[in-house]
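Participant: Residue numbers (this note's numbering): 629 to 796.
Ideal placement from N, C-alpha and C gives every residue a C-beta, glycine not left out.
Structure in structure tokens, see below.
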């Protein structure tokens, strides 16, 4: 699939678009599931000025939008953060959420448990690896889904009343 995200800023004198391809990640592939490229154009004549790797901006922008939504919508005394998924977006979300919020507990679940363990061992701070999505979600105040799942992984009867969900 291909996502096209154009933008123009007269104040910055910039015309740009981000192109993102996204596919289900194959276990035997070194190619990431999401690949992004940012193209910068001269807004006066349309000439291409730069081609940039868009992977970092994609990861950080998505997490930043989730953080803004969480700041505005989370329960007042949110203590438990749950992340469903252990890929690039899990890392970028964890980084900004740990910078902006104070959680007493962070839980992670991933369909491939070794990836959740790798995540927990590679981030700064304690993270509880859960054996099931339900275990991770139950009692969580803020839930972030960052998977390429094509079938449901989160069910309403698991979610604590008043919890905030960021669904990617």
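1) Do residue 796 and residue 652 count as a contact pair if the criterion is CB distance below 8 Å?
2) Starting from residue 589, trace the beta strand (DSSP E) both ways and give me its first and last residue.
3) I'd like the list of long-range same chain contacts for residue 601, defined as Cβ closer than 6 Å, with 5 residues on each side in sequence excluded.
4) What separation, rounded to the nearest whole angstrom, lies between the Cα atoms of residue 765 and residue 662?
5) How far does the alpha helix (DSSP H) with residue 746 in it extend, from its first residue to its last?
6) Once DSSP output is grouped into helix, strand and coil, what is the label at residue 633?
7) Could you spell out the range, first to last residue, of the alpha helix (DSSP H) harbouring residue 687?
8) Which of the three DSSP states, helix, strand or coil, is assigned to residue 653?
9) Where does the unbroken beta strand (DSSP E) through residue 664 begin, and where does it stop?
Facilitator: To lay it out plainly:
1) no
2) No answer is possible for residue 589: it lies beyond the span of the chain, which begins at 629 and ends at 796.
3) A question about residue 601 goes unanswered here, because the residues of the chain that appear run from 629 up to 796.
4) 25 Å
5) 741 to 750
6) strand
7) 683 to 701
8) coil
9) 662 to 669
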